[in-house]
Amino acid sequence: MKTVKFQLEPLTCPSCIKKIEGKLGKMDGVENAKVLFNSSKVKSTYDEEKVTSDELKDTIEKLGYPVVS
174 MKTVKFQLEP LTCPSCIKKI EGKLGKMDGV ENAKVLFNSS KVKSTYDEEK VTSDELKDTI
234 EKLGYPVVS
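For the sequence shown, my numbering assigns the number 174 to the initial residue and increments by one for each residue that follows.
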């Protein structure tokens with residue numbers, strides 16, 4: 174298992190958390206996805222044999238939340 178952290182542009186509503194966590198949590202290989210609203214950070218633990226950090230990043234961005242780092 175590997176852990177990755179992404180910094181997002183500032184989140185504007187708490188429902189953003191559910192949207193991101195829900196989508197990442199349904200991905201094959203993702204063990205855990207946690208969004209911190211106040212700091213706009215995403216932390217995810219995943220199986221790198223099933224999914225890549227780039228796929229996680231792309232999923233977040235397709236939801237409309239730009240990853241800045």
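Glycine included, C-beta positions come from ideal geometry on N, C-alpha and C.
From a predicted model like this one, the values you see are computed outputs, not experimental measurements.
Around Gly202, the same chain offers Tyr219, Asp220, Lys223, Val224 as residues with beta carbons nearer than 6 Å, after the five sequence neighbours per side are excluded.
Counting the other CB atoms within 10 Å of its CB gives Val215 a total of 16 or more, which places it among the buried residues.
Residue burial is scored here from C-beta neighbours: Phe179 has at least 16 other C-beta atoms within 10 angstroms and is therefore classed as buried. For Lys196, same chain residues with a beta-carbon under 7 Å away, outside a window of 5 residues either side, are Thr232, Leu236 in chain order.
Ser188 carries a helical assignment under DSSP once its states are collapsed to helix, strand and coil. Proximity to Glu194 across Lys175, Asn205, Glu234 peaks at Asn205, based on C-alpha coordinates.
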